[in-house]
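Each remark here refers to the structure printed beneath this line.
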Amino acid sequence: MRLAGRPVRFASATLTAALLGLALASPAAADAIDQRFQAFVAQLRPQAAAAGVSAGTFDRAFRGLKPDREAIAKSQYQPEFKTTMAQYIDTRVSDTRINAGRENYQQWAKTLAALERSTGVDRYAILSVWGMETNYGGSMGGHNVIEALATLACCQSRRPEFFRKELITALQILQRGDVAPENMIGSWAGAMGHTQFMPTSFKAYAADGDGDGRRDIWTSVPDALASTANYLRKHGWRSGETWGYEVILPGGMNAKAGAKMPLGRWQAAGVQRASGGGFARATDVATLLQPAGPRGPSFLMTQNFRVIKRYNNADSYALAVGHLADRIRGGGAFVTPWPNHDKPLDEQERLELQALLARRGFAVGEPDGKIGPATREAIMSYQQRQGLAPDGYAGVSLLRHLRSAR
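All the letters of the sequence shown, read from the start, carry residue numbers -30 to -1, 1 to 376 under mature numbering (1 follows the signal peptide of the UniProt record, and there is no 0).
In structure tokens form, the structure reads like this:
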């Protein structure tokens, strides 16, 4: 589970090492951070006590801890590298991950089946989230969560109050006895365990899947899977409904991205499943998504696609989770090839696109470099005015069109 609003980013090990070196370059700066960290811990004690954390739990949690320099470096500079949707899907839904998912399904089939019966959440979706988040527990992150969160709350963080709240909640988790401090590991940003819950999400949605009275998403796979199922259920997962379908639009159909209607009406309009066959439930409402524009694959997304996005608010992530679930189940690859002619925009290009749209009278709000609902609506309005397919896709070709438009 990622921090809300953060784009998918890829950082190289070389760059991380370089940034870490910068964070440690000055002994005086390092000493200042150490002192600031210790002062913060002392100031935090009364707040933790007021939240029900005992002195013993607090002392044990912070014993021997020091600032997490890597967390500081990564919080200060997260480079964004352009990657296409095709590259993202190929990387995240690899043959290795699919095969590992099938192996884990065999191992945890009874647990997954029981969770599907009790929560209504598709067993393969639960498994897929686990695979996407930590590669089935293989990449949970090696950071002490208390240390990382305390560092981000006190030193160089852009959102100190957010991380302070997560830190207090993490201490409450230790107080409850769900996990020992030394086993509370996660990412540099505090996402924890097999399924990368932030502490506040853990507090709200973690579940005891093995019946031992604890919610241990670090060492208990049943607890981690049960927690994911509970999270998806409480965010509105609809039992028996798929996440979506790859579809083929009929020739001449110029459907607007974001168009929504029941699957039966889509089928009546000539839309077909790319893999053949009909739609399982004609009354399920679905929204058209063309993440790479009209030349790439088209999808009809249901409510459950939006539920997956509550885990990580990115179309690319939710599409990868749904596709990985289908591949583990035995489904095939996407039918329509992904185009490689139209690269995604970087932040500066997205800002330029928003500025050009605003200059032409389209309502995008304050340019922020993020392609949200207002910008997509503006893009589609511009495309319709120019006689282009209104797919809402922010690619290089659209930016070039805006630059040259009179």
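No residue lacks a Cβ here, since even glycine has one placed at the ideal position from N, Cα and C.
Per DSSP, what kind of secondary structure is Val217 in: helix, strand or coil? strand
Grouping DSSP H, G and I as helix and E and B as strand, with all else coil, what is Gly234? helix
Sequence-distant residues of the same chain with beta carbon closer than 8 angstroms to residue 395, five excluded per side: What is shown of the chain runs -30 to 376, which leaves residue 395 out entirely.
Report the partner residues of Arg346 according to the DSSP bridge assignment. None; Arg346 has no bridge partner.
Compute the Euclidean distance between the alpha carbons of Tyr287 and Gln353, then round it to the nearest angstrom. 26 angstroms
Backbone CA spacing between Gln57 and Pro314 [nearest angstrom]: 11 angstroms
If you draw a straight line from the C-alpha of Gln356 to the C-alpha of Ala84, how long is it? 53 angstroms
Buried or exposed (CB count within 10 angstroms, at least 16 for buried), Gln77: exposed
Cβ neighbour criterion (16 or more within 10 Å) applied to Arg134: buried
Going by DSSP, what residues sit across from Ser268 in a beta bridge? Val217
Kindly provide the ranges of any alpha helix (DSSP H) runs that are 4 or more residues long and lie completely inside the stretch 4 to 38, ordered along the chain. 25 to 32
Under the three-state reduction of DSSP, which class applies to Ile298: helix, strand or coil? helix
Going by C-alpha distance, which of Met223, Thr257, Arg243 and Val217 is nearest Met231? Thr257
Does the distance from the C-beta atom of Gln8 to that of Gln126 stay below 8 angstroms? no
Neighbour-count burial assignment, Gly365, 16 or more Cβ in a 10 Å radius: buried
Give a yes or no on whether the C-beta atoms belonging to Ala208 and Ser197 are separated by under 8 angstroms. Before going on, a small fix: residue 208 reads as Arg here, not Ala. It is not a contact, given that the beta carbons lie outside the stated cut-off.
Going by C-alpha to C-alpha distance, which of Tyr175, Leu202, Ala21 and Arg297 sits closest to Ile96? Leu202
List the DSSP bridge partners of Thr257. Lys230 and Met271
Best match in Trp158, Thr170, Gly301 and Ser374 for proximity to Tyr94 [C-alpha to C-alpha]: Gly301
Closer than 7 angstroms by C-beta to Ala199: which residues in its own chain qualify, once you throw out the five before and the five after it? Chain order, please. Leu85, Thr89, Val91 and Ile96
Of the choices Pro169, Ala295 and Ala227, whose alpha-carbon is the least far from that of Pro360? Ala227
Which of the three DSSP states, helix, strand or coil, is assigned to Gln126? coil
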